[in-house]
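Per the working numbering, numbering through the sequence shown is continuous, rising by one, with the last residue being 284.
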Amino acid sequence: MSEEQGERMHQDFASLKSATRVIHQRRALKRNKPKAIWNLHETSFSKDSKLETDPKNHQIFLDNFFTNYNLLVDLKREGYRATGTIRENRIKKCPLRSTKEMKKEDRASYDYRFDKQNEILLVRWKDNSVCTIATNYDTIEPLGVVKRWPPVQCEIIDVNIPKLFQTYNKNMGGVDKE
107 MSEEQGERMH QDFASLKSAT RVIHQRRALK RNKPKAIWNL HETSFSKDSK
157 LETDPKNHQI FLDNFFTNYN LLVDLKREGY RATGTIRENR IKKCPLRSTK
207 EMKKEDRASY DYRFDKQNEI LLVRWKDNSV CTIATNYDTI EPLGVVKRWP
257 PVQCEIIDVN IPKLFQTYNK NMGGVDKE
């Protein structure tokens, strides 16, 4: 690594470090260590960074803390491909079947809605629990197959899984672990 690249990495790290704010409240402690809250609007990442200049080479995967409908629309407008789990109160009155209804259905059932204007896909899928994912580029099909151990039967069964759930699980594995 050249000296210039090392200096750029140090600047980016320093700017990200300064963009975090440590919280010392009781609820914000994680294993008795303060949590850091990220404020990404104040980082020094500019139009010069490769992430900014070539968004088509990147896919962004978000957990439900960050994902919301407007963020996916903005990322799509800028050319970024993004997928993330999304909380039920952030789906802008999307007419998906409710989580309560989905819990009563069989495993591997799913419901989806596509916003043609903004090209955002929302999919709610039932596995052990009900999960909702929103994306601005991925698709449902082809359906994949995952193996599950049901509590009633004594053998492993195959369960259909939408493609975007497989992609999300593959790419989020280990990212949010400590």
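We put the CB at the ideal spot given by N, CA and C, even for glycine.
Residue i: first and last residue of the uninterrupted beta strand (DSSP E) it sits in
i	result
R219	216 to 221
K232	226 to 232
K253	250 to 254
T241	236 to 241
Distance between residue j and residue i (C-alpha atoms, nearest Å)
i	j	result
K210	E225	29 angstroms
H164	N242	13 angstroms
E194	L181	20 angstroms
L270	N170	15 angstroms
E148	D244	Caution applies to E148, whose pLDDT of 44 falls short of 50 and renders its modelled position unreliable; the value that the coordinates give is listed next. Going from the Cα of E148 to the Cα of D244 covers about 29 angstroms.
S235	F220	22 angstroms
I267	D160	31 angstroms
Q223	E261	44 angstroms
L202	P248	21 angstroms
C200	K206	15 angstroms
R183	S204	29 angstroms
L157	Q259	Reliability fails at L157, whose pLDDT of 49 lies under 50, so the model's placement of it is uncertain and the value that follows must be treated cautiously. The alpha-carbon atoms of L157 and Q259 are separated by roughly 48 angstroms.
Continuous alpha helix (DSSP H) stretch holding residue i: start and end
i	result
K269	269 to 278
E207	205 to 209
Sequence-distant residues of the same chain with beta carbon closer than 6 angstroms to residue i, five excluded per side
i	result
T344	With the chain running from 107 to 284 in the structure shown, residue 344 is simply not present.
L178	A188, I226, A240, N242
N277	F167
Cβ shell of residue i (< 7 angstroms), same chain only, five flanking positions each side left out
i	result
F172	G190
Q272	G250
K162	G185
Close-in-space but distant-in-sequence residues of the same chain around residue i (CB under 8 angstroms, 5 per side omitted)
i	result
I197	Y175, L228, T238, A240
S215	M208, W231, K232
P256	R213, I263
V265	R213, A214, D233, V251, V252, K253, R254
Proximity test, residue i beta-carbon vs the ligand ATP heavy atom, cut-off 8 angstroms
i	result
W231	Questions concerning the ligand ATP fall outside what the structure shown contains, since it holds no ligand whatsoever.
Distance between beta carbons of residue j and residue i, contact taken as under 8 angstroms
i	j	result
Y274	I246	That belief does not hold up - the Cβ atoms of Y274 and I246 are roughly 12 angstroms apart, past 8 angstroms.
task: Within the region 150 to 199, note down every full beta strand (DSSP E) run reaching 3 residues or more, in order along the chain.
output: Entirely contained in the region 150 to 199, the beta strand (DSSP E) runs reaching 3 residues are, in chain order, 165 to 168, 187 to 191.
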